[in-house]
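Below is one structure; the comments refer to it alone.
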Amino acid sequence: MLRATLDQMRASAGRLTAAAIAILLGTAFVAASLLASATMERATHDAFTASYGDADLVVDAQGVPIGPEEVAAVRGTDGVATADVQSWFGLEVTGPRATEWVSFSPTPSDPRLAVGTLSSGRDATAADEIVLAADVAERLGVEIGDVVPVGFQVYDEATDTQEQRTDRLEVVGLLEASDNFFAMGAGGRLEPEALDAWRTEQNGGDPEFYGTVLVALADGADLESVRADLQSAPGLADASVQTVPELAAERTARETGSNVTFLVVMLGFAAVALSVAGLVISNTFQVLVAQRTRTLALLRCVGASRGQIRRSVLLEASLVGLLSSLAGLALGTGVVMIGVRVLDGAFTSSTIGTTVPFGWAVPVVTIGVGVLVTLLSALVPARMATRVAPVAALRPVEGPSEQGAGRRRMTLTVAATLIGALMLAGGVALSLGLSDTDTADAAMLGGLAIGVLGGLISLTGILVGSVFLVPRLLPLLGRLAGKGVPARIATANAVRNPRRTAATTNALVIGVALVVMMSTGAYSARHTLMDELDSSFPVDVVAQVGDTSVGITPEQVEAVRQTEGIAATATLRTQSVEIGTGDLTTYVYLMAVDSGDLGDVMRSDALDGLTDGVMVIGWTYELGNLDGETVTVTGTDGTTLDLRTVRGDVGQNTAYVTPEAAETLVPDAQVTTIYARMADDTDAVATAGAVQKAVNEVTEADGSAPVLQVGGAAVERAAYGQVIDTLLAVVLGLLAVAVVIALVGVANTLSLSVLERRRENATLRAMGLTRGQLRGMLAVEGVLIASVGALVGGVAGLLYGWAGAAVVLGGLGSLSLGVPWPQLAAVVVIALAAGLVASVLPARSAVRQSPVAALATD
Numbered sequence: 000m001l002r003a004t005l006d007q008m009r010a011s012a013g014r015l016t017a018a019a020i021a022i023l024l025g026t027a028f029v030a031a032s033l034l035a036s037a038t039m040e041r042a043t044h045d046a047f048t049a050s051y052g053d054a055d056l057v058v059d060a061q062g063v064p065i066g067p068e069e070v071a072a073v074r075g076t077d078g079v080a081t082a083d084v085q086s087w088f089g090l091e092v093t094g095p096r097a098t099e100w101v102s103f104s105p106t107p108s109d110p111r112l113a114v115g116t117l118s119s120g121r122d123a124t125a126a127d128e129i130v131l132a133a134d135v136a137e138r139l140g141v142e143i144g145d146v147v148p149v150g151f152q153v154y155d156e157a158t159d160t161q162e163q164r165t166d167r168l169e170v171v172g173l174l175e176a177s178d179n180f181f182a183m184g185a186g187g188r189l190e191p192e193a194l195d196a197w198r199t200e201q202n203g204g205d206p207e208f209y210g211t212v213l214v215a216l217a218d219g220a221d222l223e224s225v226r227a228d229l230q231s232a233p234g235l236a237d238a239s240v241q242t243v244p245e246l247a248a249e250r251t252a253r254e255t256g257s258n259v260t261f262l263v264v265m266l267g268f269a270a271v272a273l274s275v276a277g278l279v280i281s282n283t284f285q286v287l288v289a290q291r292t293r294t295l296a297l298l299r300c301v302g303a304s305r306g307q308i309r310r311s312v313l314l315e316a317s318l319v320g321l322l323s324s325l326a327g328l329a330l331g332t333g334v335v336m337i338g339v340r341v342l343d344g345a346f347t348s349s350t351i352g353t354t355v356p357f358g359w360a361v362p363v364v365t366i367g368v369g370v371l372v373t374l375l376s377a378l379v380p381a382r383m384a385t386r387v388a389p390v391a392a393l394r395p396v397e398g399p400s401e402q403g404a405g406r407r408r409m410t411l412t413v414a415a416t417l418i419g420a421l422m423l424a425g426g427v428a429l430s431l432g433l434s435d436t437d438t439a440d441a442a443m444l445g446g447l448a449i450g451v452l453g454g455l456i457s458l459t460g461i462l463v464g465s466v467f468l469v470p471r472l473l474p475l476l477g478r479l480a481g482k483g484v485p486a487r488i489a490t491a492n493a494v495r496n497p498r499r500t501a502a503t504t505n506a507l508v509i510g511v512a513l514v515v516m517m518s519t520g521a522y523s524a525r526h527t528l529m530d531e532l533d534s535s536f537p538v539d540v541v542a543q544v545g546d547t548s549v550g551i552t553p554e555q556v557e558a559v560r561q562t563e564g565i566a567a568t569a570t571l572r573t574q575s576v577e578i579g580t581g582d583l584t585t586y587v588y589l590m591a592v593d594s595g596d597l598g599d600v601m602r603s604d605a606l607d608g609l610t611d612g613v614m615v616i617g618w619t620y621e622l623g624n625l626d627g628e629t630v631t632v633t634g635t636d637g638t639t640l641d642l643r644t645v646r647g648d649v650g651q652n653t654a655y656v657t658p659e660a661a662e663t664l665v666p667d668a669q670v671t672t673i674y675a676r677m678a679d680d681t682d683a684v685a686t687a688g689a690v691q692k693a694v695n696e697v698t699e700a701d702g703s704a705p706v707l708q709v710g711g712a713a714v715e716r717a718a719y720g721q722v723i724d725t726l727l728a729v730v731l732g733l734l735a736v737a738v739v740i741a742l743v744g745v746a747n748t749l750s751l752s753v754l755e756r757r758r759e760n761a762t763l764r765a766m767g768l769t770r771g772q773l774r775g776m777l778a779v780e781g782v783l784i785a786s787v788g789a790l791v792g793g794v795a796g797l798l799y800g801w802a803g804a805a806v807v808l809g810g811l812g813s814l815s816l817g818v819p820w821p822q823l824a825a826v827v828v829i830a831l832a833a834g835l836v837a838s839v840l841p842a843r844s845a846v847r848q849s850p851v852a853a854l855a856t857d
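Sequential numbering from 0 applies to the sequence shown in numbering that gives the first Met the number 0.
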């Protein structure tokens, strides 16, 4: 039987290719998922290791603040050569080109404790010196020898405001640009005592900090002895003392939860691809069993038992699964290896590297899953093969017309679909109903869990019931194909074997439903988030100074106004003032228009209620939400004014008043802010960059002009849209594998149809059906099968996408559901074209068969 099995495999190599392709793509997905996850985990481990330099030990106080006494205890421990505090401090650094918030670390006392490499110049050893990362210096437009203004804010509890501290430091060195996300203070270095003094001032005089201490051992010191002494040092009883590899392994395990999630998601997509592949493999072996009916019957005649026939089919499936899985392993490995090299070359900030860790689990899991899926998919065809009677060797090969399923399947279909739909609706109702309560997050997660389970149950009902649905939809769609003889015969042929046709469409339904669901969810998410951003952050571009005591120059205002892509501008005066109601007071940033019309630049109606005697105010820390209450506003010169509050989405501790009220309260307030609205068809990122460049050019030309920080919601909207589009593209790319496998299944079904209707097609040819008409008949059949799969999957995906968007996004307020018409149209076109392409090879086989030879009886 082994030789017979191998001979049959060689004879059926063409048909086995379909199953091989299906399992190859699925196992490549598994291998790529495992390798990508391992690569990300290794990159994270390496990044953690690099973030501690060449320290021998790392002391971590486990969330307890570290003070000067604890640091002194570490440095005084026997065997410790030196120890440095690993912490960071943020400064706002201003250069000729821009102002940027930069994270700094202290200058290391020993090269072994240095994180980052000094590329030029020297380290900061005095309080008036600073070292910058090379990429930061380039963005700021500074070099070694330049003196740069720096500043940081200190919270004043008495006035509930932030006070600005400033200084001027000389750039004495440059660090190599760091790509390590986990390295603290990678933006530059400061002299340690200066950094400690500033951090202590920012902390209100408290010298303690949250961080770690890097330890370098003296020559000949025993690491374990020093570790034990450090753990018993004063104030460090609860601290952890670990080597860098130990700490990196621990932090990698803790921080790579996202990698685990990534692996689970990727393997979920792989499971979808393998499920679809299983349907295709099952259909493929049904094709083979039907093709070999006479061969199997002859084997039975010469003494082969049912068990031998079954084992022959399963052996064939095992060999196909093994060879395809090996090819899939190679393909998946190649894709990941190429991918990491492309990422490393395309993104200078990539920390993934160019090597891929290849452990034993990758080939074992990939090949094991591939062979197992192939074997399980071949069980039903193997059982069919054992039912071939020896007498079949004496009969012509004709495929029987299967009947639909019975009452039990109908009951299961209706029950699963209804129960799933009710659970899906219940999940949406739970999330939306509690979206405005304190339990909104829990309700969203609960609704999501119920909805996902309901979606799976209802989809199962749809797939089980496709044997009833598909034969009823095919004739309806067949009418659109025309009334010609080939189209009518194609429609009749498509419903002749409802079980096999339904199985074929199910593979397509799964892929299409997931594609449409993700497209609909992304479409709804985009529009909902854009509406929410327009409401909460209604200004496209905001250019403002960091210090409200300095005003914007008219040249800067004009530069923004003249920037290409800017449709309207307005300038505002700002000043911090005290407001109070009853015994409670707080400070807010008071804003009032100086020139222009806020209605022309804002994308919301938040300021529609702003009139004389009214203050539009956002949420405040001390007074909460104010709406309708009268507050007393105290100006900078002590003048008071009573204003009625109107609640608006204008930002925390921010309030807007009319120009007349501002003139009374803060007559000396500077023009500190420019609001600008972009034209609707402009590139948000490019326009924001152009605004920044324009104001920077004015600043460079006029030394008295302040440095402006440019931000706004337009860039944020563009960023959200880019993230959504990128994720959607990735997901659709992953799901495309399942769709491709499903379309292989369409070709398989048509191949079986050609085989079963060999004599029938020959009769039609003998009666005058041309080769072109025969090709057209099979093309119509392929398009009809693909159309039904696209229709059912599209409707299901649309409903699932709406339900998912309602559950996840309902809490944002203004839920915006819609239909992604471009994506739906693309799915339909691709499905129709793929159904047409899938008919090419079966049609070629059909027309090459001579009518006389096909009508002959062996």
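For every residue, glycine included, the Cβ atom is placed at its ideal position computed from N, Cα and C.
Straight-line Cα distance separating V319 from T769:
For the purposes of this step, residue 769 is taken as residue 770 along the sequence shown, with counting starting at 1. For the purposes of this step, residue 319 is taken as residue 320 along the sequence shown, with counting starting at 1. Taking the straight line joining both Cα atoms gives about 37 Å.
L273 and V335 - do their beta-carbons sit closer together than 8 Å?
Position 336 of the sequence shown, counted from the start, is the residue given in the question as residue 335. Position 274 of the sequence shown, counted from the start, is the residue given in the question as residue 273. Going by C-beta atoms, V335 is not nearer than 8 Å to L273.
Do G510 and V368 count as a contact pair if the criterion is CB distance below 8 Å?
As a first step, residue 368 is located in the sequence shown; it is residue number 369 there, counting from the start. As a first step, residue 510 is located in the sequence shown; it is residue number 511 there, counting from the start. Cβ atoms of V368 and G510: not closer than 8 Å.
Under a Cβ-count criterion, where at least 16 other Cβ atoms within 10 Å of its own Cβ denotes burial, should N496 be classed as buried or exposed?
Here residue 496 is taken as the residue at index 497 of the sequence shown, counted from 1. So N496 ends up on the buried side.
Assuming P105 contacts D83 (C-beta within less than 8 Å), just tell me the rounded distance between them.
The count along the sequence shown starts at 1 and reaches residue 105 at position 106. The count along the sequence shown starts at 1 and reaches residue 83 at position 84. Rounded, the Cβ-Cβ distance is 7 Å, consistent with contact.
Between A30, A439, V508, L831, which has its C-alpha nearest G861's C-alpha?
Given a span of 0 to 857 for the chain in the structure shown, any question on residue 861 remains unanswerable.
Using C-beta distances below 6 Å, list every residue in its chain close to M516, excluding the 5 sequence neighbours before and after it, in chain order.
The residue you call residue 516 lines up with position 517 of the sequence shown. If we look at M516 and ignore the five residues flanking it on each side, its Cβ neighbours are G796, Y799, G800.
Below 7 Å CB to CB, which residues in the same chain sit around L433 once its five sequence neighbours on both sides are set aside?
Against the sequence shown, residue 433 aligns to sequence position 434. Excluding positions up to five away in sequence, the list reads A439, A442.
Sufficient close CB pairs (3 or more, under 8 Å) joining the region 693–703 to the region 545–561
yes
Confirm, please, whether the CB-CB distance from G688 to L431 is below 8 Å.
The residue given as residue 431 occupies position 432 in the sequence shown. The residue given as residue 688 occupies position 689 in the sequence shown. Not a contact, by the Cβ cut-off of 8 Å.
Counterpart residues of P907 in DSSP-defined beta bridges:
Nothing in the structure corresponds to residue 907, since the chain is present only between 0 and 857.
Taking only three categories from DSSP, how would you classify M443?
Against the sequence shown, residue 443 aligns to sequence position 444. Correct three-state label for M443: helix.
First and last residue of the alpha helix (DSSP H) that includes Y799?
For the purposes of this step, residue 799 is identified with residue 800 of the sequence shown, where counting begins at 1. Run containing Y799: 770–808, per the alpha helix (DSSP H) assignment.
Relative to the C-alpha of A71, which residue among D134, L213, N202 is closest?
By 1-based counting over the sequence shown, the position of residue 71 is 72. Among D134, L213, N202, the Cα nearest to that of A71 belongs to L213.
Hey, how far is the Cα of T573 from the Cα of A735?
Locating residue 573 in the sequence shown gives position 574, counting from the first residue. Locating residue 735 in the sequence shown gives position 736, counting from the first residue. Between T573 and A735, the C-alpha separation is close to 53 Å.
In the DSSP assignment, find the unbroken alpha helix (DSSP H) run with I829 in it and report its ends.
Working through the sequence shown from its first residue, we reach residue 829 at position 830. Start and end: 820–837.
M614 - containing beta strand (DSSP E), residue span:
As a first step, residue 614 must be located in the sequence shown, where it is residue number 615. Where M614 is concerned, the enclosing beta strand (DSSP E) stretches over 613–616.
DSSP state of M409 mapped onto helix, strand, coil:
What you label residue 409 is simply residue 410 of the sequence shown in a count that begins at 1. Here M409 sits in helix by DSSP.
Closer than 8 Å, CB to CB, is F284 near chain C or not?
The chain inventory of the structure shown lacks chain C, comprising one protein chain alone.
Write down every uninterrupted run of the alpha helix (DSSP H) in the region 289–332 whose length is 4 residues or greater and which is fully enclosed by it, in chain order.
292–300
Count the C-beta pairs between the region 618–631 and the region 661–670 that are closer than 8 Å, then say yes if the count reaches three, no if not.
no
Distance, G834 Cα to G25 Cα:
Along the sequence shown, read from residue 1 onward, the residue named residue 25 stands at position 26. Along the sequence shown, read from residue 1 onward, the residue named residue 834 stands at position 835. Cα to Cα, G25 sits roughly 21 Å from G834.
With R138 as the anchor, note down where its alpha helix (DSSP H) starts and where it stops.
Mapped onto the sequence shown, residue 138 falls at position 139. That run of the alpha helix (DSSP H) goes 133–139.
For L814, three-class secondary structure by DSSP:
By 1-based counting over the sequence shown, the position of residue 814 is 815. Residue state, collapsed to three classes: coil.
Could you tell me the alpha carbon to alpha carbon distance between T332 and R121, rounded to whole angstroms?
Locating residue 332 in the sequence shown gives position 333, where the first residue counts as 1. Locating residue 121 in the sequence shown gives position 122, where the first residue counts as 1. Rounded to whole angstroms, T332 to R121 spans 44 Å at the Cα level.
Would you mind sorting V828 into buried or exposed? The rule is 16 or more other CB atoms within 10 Å of its CB.
Along the sequence shown, read from residue 1 onward, the residue named residue 828 stands at position 829. Counting Cβ neighbours within 10 Å, V828 comes out exposed, since fewer than 16 surround it.
Check Q561 in the structure and name its three-state DSSP category.
As a working mapping, residue 561 is identified with position 562 in the sequence shown. Three-state DSSP puts Q561 in coil, outside helix and strand.
Pick helix, strand or coil for P666, following the three-state DSSP scheme.
Here residue 666 corresponds to residue number 667 of the sequence shown, with the count starting at 1. DSSP places P666 in coil when its eight states are reduced to three.
With a threshold of 8 Å on Cβ separation, who are the neighbours of S844 within its own chain once the five nearest residues in sequence on each side are excluded?
As a first step, residue 844 must be located in the sequence shown, where it is residue number 845. Closer than 8 Å at Cβ, skipping near neighbours: S750, V753.
Out of M601, A785, L640, V413, state which residue places its alpha-carbon closest to the alpha-carbon of A712.
Against the sequence shown, residue 712 aligns to sequence position 713. Here the closest residue by C-alpha is M601.
Give the secondary structure of D724 by DSSP, where H, G and I count as helix, E and B as strand, and everything else as coil.
Locating residue 724 in the sequence shown gives position 725, counting from the first residue. Correct three-state label for D724: helix.
Helix, strand or coil for A569, going by three-state DSSP, please let me know.
Along the sequence shown, one-based indexing puts residue 569 at 570. If DSSP states are grouped into helix, strand and coil, A569 belongs with the strands.
Identify whether Y655 lies in helix, strand or coil by the three-state DSSP scheme.
Walking along the sequence shown from the start, residue 655 turns up at place 656. Here Y655 sits in strand by DSSP.
Can you tell me the Cα-Cα spacing of L325 and G358, whole angstroms?
For the purposes of this step, residue 325 is identified with residue 326 of the sequence shown, where counting begins at 1. For the purposes of this step, residue 358 is identified with residue 359 of the sequence shown, where counting begins at 1. Whole-angstrom Cα-Cα distance: 15 Å.
Return the CA-CA distance between E68 and T211, expressed in angstroms with no decimal places.
Along the sequence shown, read from residue 1 onward, the residue named residue 68 stands at position 69. Along the sequence shown, read from residue 1 onward, the residue named residue 211 stands at position 212. Using only the alpha carbons, I get a separation of about 14 Å.
Relative to the alpha-carbon of G94, which residue among R299, D134, A685, Q85 has its alpha-carbon at the smallest distance?
Your numbering for residue 94 matches position 95 in the sequence shown. The residue with the shortest Cα to Cα distance from G94 is D134.
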